[in-house]
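In my numbering, the protein residues as written are 6 to 45. Quick notes on the structure that follows.
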């Protein structure tokens, strides 16, 4: 995240893992076990 962002590997339930430096993609891929926390 930011100009000196680092690569992040995101594990997916389908296909190959995704490598990205995009902070929005990383934030959207975070999931919690608690369904209420996943809402917001």
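Quick reminder that beta carbons are idealized off the backbone N, C-alpha and C, glycines included. Quick caveat, the model's predicted, so the values are computed rather than measured.
Distance between residue 30 and residue 41 (C-alpha atoms, nearest Å): 21 Å
Collapsed DSSP secondary structure at residue 35 in the structure displayed: coil
CB-CB length for residue 25 against residue 15, believed under 8 Å: 7 Å
C-alpha gap between residue 8 and residue 28, whole angstroms: In a straight line, the C-alpha of residue 8 is about 11 Å away from that of residue 28.
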